[in-house]
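J.: Under this note's numbering, the letters of the sequence shown match residues 908 to 1019, in that order.
Below you will find the structure I want to go over with you.
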Amino acid sequence: MGRSITRCISYDVPDEILVERMSGRRSCPRCGAVYHVSQNPPKRDGYCDKDDAGLVQREDDKPETVRKRLQEYMVKTEPLRRFYETRHLLTSIEGVGTPEGILAATKKALGA
Ligand SMILES: [Zn+2]
């Protein structure tokens, strides 16, 4: 697009918290609604609030798959951090806390 990158944001979250966040996700195979067993549970355990379909855990969200994806991230994506870091374009933000707090830190990093 002919534009240069002026800031790169990295959200830092400990692996175990990522595993907990992702492996707690449950999806509705009928309408696509997404829940979380502890952060956003359905009214009736295991069933969609909207259409009562049984919720499923996607293959991508299983703990062993999440850990494998984190290992792949370290190999494939982590080098990008160093790339932006050496060019002084990287801002790391603690990706733990409330969505509002993380948004505020992001806006601050972008000067917005
Ligand atoms: Zn549903």
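Yeah, the Cβ is synthetic: ideal placement off N, Cα and C, and Gly gets one too.
Between Leu1017 and Arg914, which are expected to be in contact by the criterion C-beta below 8 Å, what is the C-beta distance as a whole number of angstroms?
T.: Right, the Cβ-Cβ distance comes to about 6 Å (below 8 Å), so this counts as a contact.
J.: Let me check you understand the geometry: is the CB of Ala960 closer than 7 Å to at least one non-hydrogen atom of ligand 1?
T.: Yes, since a heavy atom of ligand 1 falls inside the 7 Å radius drawn around the Cβ of Ala960.
J.: Met929: buried (16+ other C-beta within 10 angstroms of its C-beta) or exposed?
T.: Per the 10 Å Cβ criterion, buried.
J.: Taking only runs of the beta strand (DSSP E) that begin and end inside the stretch 919-988, which ones reach a length of at least 3 residues, in chain order?
T.: Fully enclosed beta strand (DSSP E) runs of 3 or longer: 932-934 and 941-943.
J.: Could you name the residues that DSSP lists as bridge partners for Leu997?
T.: Per DSSP, Cys915.
J.: Over the uninterrupted alpha helix (DSSP H) stretch that includes Ala1011, give me the two end residues.
T.: Counting along the chain, the alpha helix (DSSP H) containing Ala1011 begins and ends at Pro1006 to Ala1016.
J.: Excluding sequence positions up to five away, which residues of its chain have a Cβ less than 7 Å from the Cβ of Val973?
T.: Closer than 7 Å at Cβ, skipping near neighbours: Leu925, Val926, Met929 and Ser930.
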